[in-house]
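Each residue of the sequence shown is one higher than the last, beginning at 0 in numbering that gives the first Met the number 0. Here a beta-carbon is modelled for each residue, glycine too, at the ideal position from N, C-alpha and C. The structure presented is a predicted model; accordingly, all values stated were derived computationally and were not measured. What follows is a set of notes on a single structure, which appears directly below.
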Amino acid sequence: MIHNTMTPSAGFTATAVRDAVLGIIELLESTKTPTYIGFTLDTEINCSKHINRLCEKGRKRLQLLKCISGRDWGADAGTLKITYTALIRPILEYGYQIYQVAASTSLKKLERMQSSAARIITGLRHSCPNDIVCYEADLQLLSLRREINMAKCVAKLKSFKPYNR
Numbered sequence: 000m001i002h003n004t005m006t007p008s009a010g011f012t013a014t015a016v017r018d019a020v021l022g023i024i025e026l027l028e029s030t031k032t033p034t035y036i037g038f039t040l041d042t043e044i045n046c047s048k049h050i051n052r053l054c055e056k057g058r059k060r061l062q063l064l065k066c067i068s069g070r071d072w073g074a075d076a077g078t079l080k081i082t083y084t085a086l087i088r089p090i091l092e093y094g095y096q097i098y099q100v101a102a103s104t105s106l107k108k109l110e111r112m113q114s115s116a117a118r119i120i121t122g123l124r125h126s127c128p129n130d131i132v133c134y135e136a137d138l139q140l141l142s143l144r145r146e147i148n149m150a151k152c153v154a155k156l157k158s159f160k161p162y163n164r
């Protein structure tokens, strides 16, 4: 049984292949950017919609980090870093196996989100370079984390026996 509100359809072809299955598509709600398992697909296949959605979710949680930080009161840098690594970084890294091939301008949005969090953690001003801010907050750049995690993922996949692939 297909639930029409929970199962959106999307066509990612330039041809009219959808006409062949017109009966099924009429039953389903059609959308240009469906979300499957938390990953937002787009017809341009450049992952910009997913990255924008991640940034939007990250900004909401960044507000929480701002609320619990303070110069004279609030959480210390260690607590703020733990909060960042538990609540914000998993959102920024969700689906990196797919979106790592996105345009560099889209990926820089995620790096800016992390540098904003690092500035909140350390209390440094915007005049300080991002590399120094991330170093002071003891955070790796997201691009480095993506490379390391992809290398681990590829090594794990290569270690599987042929019957497990």
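Boundaries (first-last residue) of the alpha helix (DSSP H) holding residue i
| i | result |
| --- | --- |
| Gly57 | Ser47 to Ile67 |
| Ile120 | Ser103 to Thr121 |
| Ser94 | Checking the displayed sequence, the identity of residue 94 turns out to be Gly instead of Ser. Counting along the chain, Gly94 falls outside any alpha helix (DSSP H), and DSSP gives it neither H nor E. |
| Gly77 | Ala76 to Thr82 |
| Ser142 | Leu141 to Ser158 |
| Glu135 | Asn129 to Glu135 |
When the options are compared against residue i, the one with the closest alpha-carbon
| i | options | result |
| --- | --- | --- |
| Tyr134 | Ala117, Gly122 and Thr82 | Ala117 |
| Gly168 | Asp130, Asp137 and Glu92 | The structure shown has nothing for residue 168, since the chain only spans 0 to 164. |
| Ile90 | Ala154, Ser103 and Leu141 | Leu141 |
| Leu138 | Thr39, Ser103 and Ala85 | Ala85 |
Separation of residue j from residue i, as counted between CA atoms
| i | j | result |
| --- | --- | --- |
| Lys65 | Lys160 | 48 angstroms |
| Asn129 | Leu106 | 15 angstroms |
| Gly73 | Leu123 | 16 angstroms |
| Arg58 | Glu110 | 12 angstroms |
| Asn51 | Asn148 | 22 angstroms |
| Ile67 | Leu79 | 8 angstroms |
| Ala19 | Lys56 | In this predicted model, Ala19 has a pLDDT of only 49, less than 50, meaning its place in the structure is not dependable enough to derive any value. |
| Arg144 | Asp71 | 33 angstroms |
| Leu156 | Thr34 | 26 angstroms |
| Ser103 | Leu53 | 15 angstroms |
| Val153 | Gly94 | 15 angstroms |
| Ser158 | Leu40 | 30 angstroms |
| Gly69 | Tyr162 | 55 angstroms |
| Cys127 | Ala150 | 31 angstroms |
| Ile81 | Glu146 | 22 angstroms |
Same chain, Cβ closer than 8 angstroms to residue i, neighbours up to 5 away in sequence not counted
| i | result |
| --- | --- |
| Leu61 | Ile87, Met112, Ser115, Ala116 and Ile119 |
| His125 | Arg118 |
Contacts around residue i, its chain only, beta-carbon distance under 7 angstroms, and the 5 residues preceding and following it disregarded
| i | result |
| --- | --- |
| Thr121 | Ala76, Val132, Glu135 and Ala136 |
| Tyr83 | Leu64, Ala116 and Ile120 |
| Lys108 | Ile50 and Cys54 |
- request: Report yes or no: do three or more beta-carbon pairs, one from the stretch 92-106 and one from the stretch 43-60, lie closer than 8 angstroms?
  value: yes
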